[in-house]
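As numbered in mature numbering (1 follows the signal peptide of the UniProt record, and there is no 0), residues -18 to -1, 1 to 467 make up the sequence shown, in order. Just so you know, even glycine gets a beta-carbon here, dropped at the ideal spot from N, CA and C. Data block below; observations after.
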Amino acid sequence: MKSYVNVCFLAILAFGDASPVYGGTDMKVRSAQMVNLLLDNAGNVNDTSVWDSLAEMTDLYGHRMTGHIQYDRSVSWVIGDAKRYPSFTAWEEPVTVNVWNRNTEYAQMNIPTRSPPTVDLPMLGLGQSIGTGPEGIEADVIPVETFEDLEALGNSTIAGNIVLFCADFVSYRDNAKYRFSGASMAEKYGAVAVLVQSITGYSLMTPHTGAMNPASIPGAAITIEDSKLIQRMYNRYNEAQKNPSIPNSEKFIKPRVKLVMNAESYENAKVSSNIIIDLKGSDKSDEIVLISGHFDSWDVGVGAMDDGGGAFSAYGALKMIANLPARPSRTIRVVMWNNEETLGRGMYAYTEAHKDEISKHIFAMESDVGNFNPWGMQVMGTDDAIAKLDALGKMFLTTVGGGNITKSDDPPDADIETLCNMGVTCGGFEPLDKYTQAIPLVPAGTEGYFRFHHTQADRMEVLDKNQLRANSVAMAVWAYILADQ
Ligand SMILES: *[C@@H]1O[C@H](CO)[C@@H](O)[C@H](O)[C@H]1NC(C)=O
Ligand SMILES: *[C@@H]1O[C@H](CO)[C@@H](O)[C@H](O)[C@H]1NC(C)=O
Ligand SMILES: *[C@@H]1O[C@H](CO)[C@@H](O)[C@H](O)[C@H]1NC(C)=O
Ligand SMILES: [Zn+2]
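Following this line, the structure appears as structure tokens:
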């Protein structure tokens, strides 16, 4: 199957009035021809280059936590790789970031009926958390499901204890508030630390880290399994207090955890980079179609899925376009953002450094919810722009996927937020669920993605070579059409 799109049909696909979003009025025949070449590569199982290059970089350097030496080494690897493409212009732009070092950390519970009684709780300190001091914090644990529960218990129950936020997974948006704000809420009631049930719907004893907002008490994530254990222990203990005659009541103890975290933070301690790679347009090179993913990761796993897959799908798309016989009119720019995982400093640095050319950004895309089978984009833009994108997606991407369009009222991804809010039409690229093939949850993300998110298991095996290539093809098609229309 060589030809996916009938070029003659395209010649009559005029978009009417000159669009303020895309500028052009007509689909060029050249675009359709180049898109067909890109689509030809979608089924080429021998092209595993996107996966292979991400594997090489992550095997060599590991994770890419912002402010860490491995981040910088990985940046150098990408810049070196990009320099091998004569048509690319690749450079770094400075971003000042905070440095957070996890250092040694652990959590333990004492359950005297076990032998030995000390039970290790796999945990991960939350990013930006303060440490506990070397002796750690040992206290009883009070589980709460919501902030309302916390408030209802109040100082009398909470003060001096560790609070466990144990809400089950509904969606990232519903659950992440406990990770972000649990410590700053619980400190108001005198809590000495917080534990958060990892934000995932599925666990093989895996803790999931992630950022927390500044607080005067430390925060850490524990597994679903241990969160449930603590809840059961708490409930049995309370039952036994009320009714000492229940069998085994003398064995039911309050859950009590020792938390040791040697985390350290240093404000504005490091200047590192956003990565920018341009493929100059053939005649309107001052106008930009931006495709992107974030380059930083957590310091567990290697950030293969979050967001190596997004960043390298965009980069792979640029390589595919560079190999075509004809360049599009506009410049296609890949951005690999720094510091998405905590403060978004990479985004702010970019919008500041490029403030004079924001109006030249025709479209901005980010992929940061996994790169499994491509599904489409959530787009923040005018109804007119969304209708055009919907028509283009259906025309070009039905075979590969990645062409479904839904409207988003809010910026669909974190690093394009400022561009979206400045009026650039922007799209959050989304995959089907890794396991169920369900269409993505609104606003973003699928349950399969959150099995691996911010864990030691975010390794290359999460990503599939053929799916990663399909993501690059879909992004390349979007970028080419929007840059050439
Ligand atoms: C992939 O490579 C194999 C072995 O070189 C070859 O037989 C096959 O035709 C190739 N497949 C495609 C789709 O190019
Ligand atoms: C609750 O405890 C905190 C910390 O111990 C204290 O600052 C606050 O005033 C207390 N609030 C009430 C209502 O007692
Ligand atoms: C839309 O999503 C479905 C799966 O839900 C997929 O089969 C189809 O290819 C997608 N369409 C486009 C145009 O990408
Ligand atoms: Zn991410």
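| request: Can you tell me the Cβ-Cβ gap for Met457 and Met347, rounded? I've got them flagged as a contact below 8 Å. | output: The Cβ separation is near 7 Å, so the contact holds.
| request: Could you please give the first and the last residue of the uninterrupted alpha helix (DSSP H) stretch that includes Ile368? | output: Counting along the chain, the alpha helix (DSSP H) containing Ile368 begins and ends at Asp365 to Phe378.
| query | Going straight from the alpha carbon of Gln360 to that of Ser349, what length do you get? | reply | Put simply, the backbone Cα of Gln360 is about 10 Å away from that of Ser349.
| request: Let me have the residue list for ligand 1: C-beta closer than 6 Å to any non-hydrogen atom, ordered along the chain. | output: Counting only residues whose CB is nearer than 6 Å to a non-hydrogen atom of ligand 1, the list in chain order is Asn26, Val27 and Asn28.
| task | Check each candidate in Asn448, His436, Trp460 and Ala175 and name the one with the smallest Cα separation from Gly409. | result | For the residues Asn448, His436, Trp460 and Ala175, the minimum Cα distance to Gly409 belongs to Trp460.
| query | Grouping DSSP H, G and I as helix and E and B as strand, with all else coil, what is Trp280? | reply | The DSSP-derived three-state label of Trp280 is coil.
| task | Would you kindly work out how many angstroms separate the C-alpha atoms of Glu221 and Leu211, rounded to a whole number? | result | Straight-line Cα distance between these residues: approximately 15 Å.
| said: With three or more C-beta pairs closer than 8 Å as the rule, is the segment 221 to 235 touching the segment 117 to 136? | reply: A contact is defined here as three or more CB-CB pairs under 8 Å, and the segment 117 to 136 fails this definition with respect to the segment 221 to 235.
| message | Please report the distance separating the alpha-carbon of Val351 from that of Glu232. | response | Roughly 48 Å between the two C-alpha positions.
| task | Report yes if the C-beta of Gly385 is less than 7 Å from at least one heavy atom of ligand 3; otherwise report no. | result | At least one heavy atom of ligand 3 sits closer than 7 Å to the Cβ of Gly385.
| request: Below 6 Å CB to CB, which residues in the same chain sit around Ile270 once its five sequence neighbours on both sides are set aside? | output: A distance below 6 Å between beta-carbons, with the five flanking residues on each side excluded, links Ile270 to the following residues of its chain, in chain order: Thr313, Arg315, Lys342 and His343.
| query | Nearest to Asn23 by alpha carbon, out of Ala299, Ala308, Ala373 and Thr324? | reply | For the residues Ala299, Ala308, Ala373 and Thr324, the minimum Cα distance to Asn23 belongs to Ala299.
| field | 8 Å Cβ cutoff met for Ser279 and Arg46 | value | Taking 8 Å as the Cβ cut-off, Ser279 and Arg46 qualify as a contacting pair.
| task | Answer yes or no: do Phe151 and Ala304 have a C-beta to C-beta separation smaller than 8 Å? | result | Not in contact: Phe151 and Ala304 (Cβ atoms no closer than 8 Å).
| request: Using a threshold of 8 Å, state whether the C-beta atoms of His436 and Gly192 are closer than that. | output: Taking C-beta atoms as the reference points, His436 and Gly192 count as a pair closer than 8 Å.
| query | Enumerated in chain order, which unbroken segments of the alpha helix (DSSP H) with a length of 4 residues or greater are wholly contained in the segment 309 to 362? | reply | Secondary structure in the segment 309 to 362: the alpha helix (DSSP H) runs of 4 residues or longer, each lying completely within the stretch, are 327 to 335 in chain order.
| said: Below 8 Å on the Cβ atoms is my contact criterion, and I expect Leu241 with Pro200 to pass it. Report the Cβ-Cβ distance as a whole number of Å. | reply: The Cβ separation is near 7 Å, so the contact holds.
| message | Give me, in chain order, the residues of the same chain whose beta-carbon lies closer than 6 Å to that of Pro237; leave out the 5 immediate sequence neighbours on both sides. | response | Contacts found: Val123, Ile212, Met215 and Tyr216.
| message | Assuming the contact rule is C-beta atoms closer than 8 Å, Glu169 and Met187 should be a hit. Round their C-beta distance to whole Å, please. | response | At roughly 28 Å, the Cβ-Cβ gap does not stay under 8 Å, so Glu169 and Met187 are not in contact.
| task | Could you tell me whether the Cβ atoms of residue 468 and Asp29 are closer together than 8 Å? | result | Since the first and last residues shown for the chain are -18 and 467, residue 468 lies out of range.
| request: Examine the Cβ distances between the segment 86 to 106 and the segment 284 to 291 and report whether three or more of them are shorter than 8 Å. | output: Three or more Cβ pairs closer than 8 Å define a contact, and the segment 86 to 106 falls short of that threshold against the segment 284 to 291.
| Beta-carbon gap between Asn453 and Ser295 smaller than 8 Å | Result yes, Cβ atoms of Asn453 and Ser295 sit closer than 8 Å.
| Local conformation of Gly285 per DSSP, three classes | Coil.
| request: Using 7 Å as the cut-off, classify the Cβ of Glu348 as near or not near the heavy atoms of ligand 4, replying yes or no. | output: Ligand 4 never approaches Glu348 closely enough for any of its heavy atoms to be under 7 Å from the residue's Cβ.
| said: Classify Gln110: buried if its beta carbon has 16 or more other beta carbons within 10 angstroms, exposed otherwise. | reply: Buried, because 16 or more other Cβ atoms sit within 10 Å of the Cβ of Gln110.
| Arg433 and Tyr184 look like a contact to me (Cβ under 8 Å); what is the Cβ gap, rounded to whole Å? | With a Cβ gap of about 5 Å, Arg433 and Tyr184 count as contacting.
| Residue environment, Lys337, which counts as buried when at least 16 other CB atoms sit within 10 Å | Answer is exposed; the Cβ neighbour count stays below 16.
| request: Rank Ser390, Thr400 and Lys266 by C-alpha distance to the C-alpha of Ala331 and give the top, closest one. | output: Nearest option by C-alpha distance: Thr400.
| task | Could you name the residues of the same chain whose beta carbon sits closer than 7 Å to that of Pro393, not counting the 5 residues immediately before and after it, in chain order? | result | Once the five neighbours on either side are set aside, the close Cβ partners of Pro393 are Met362, Glu399, Cys402, Asn403 and Cys408.
| request: Locate the alpha helix (DSSP H) running through Gln213, then write down its first and last residues. | output: For Gln213, the enclosing alpha helix (DSSP H) covers residues Ile206 to Lys224.
| the segment 251 to 265 contacting the segment 53 to 60, beta-carbon criterion three pairs below 8 Å | Proximity of the segment 251 to 265 to the segment 53 to 60 meets the contact definition, three or more beta-carbon pairs being nearer than 8 Å.
| request: Report yes if the CB atom of Gln438 is closer than 8 Å to the CB atom of Gly283, and no otherwise. | output: Cβ distance < 8 Å, so Gln438 and Gly283 count as in contact.
| field | Residues that DSSP places opposite Ser35 in a beta bridge | value | The partner list for Ser35 (beta bridge, DSSP) is empty, contrary to what the question assumes.
| query | Between Asn80, Arg84 and Val17, which lies nearest to Ala245 when the distance is taken from Cα to Cα? | reply | Of the residues Asn80, Arg84 and Val17, the one whose Cα lies closest to the Cα of Ala245 is Arg84.
| query | How would you write the range of the alpha helix (DSSP H) that Tyr462 sits in, first residue to last? | reply | Taken as a continuous stretch (DSSP letters only), the alpha helix (DSSP H) holding Tyr462 covers Lys447 to Asp466.
| Are the Cβ atoms of Ala286 and Thr40 separated by less than 8 Å? | Taking a C-beta distance under 8 Å as the contact criterion, Ala286 and Thr40 qualify as a contact pair.
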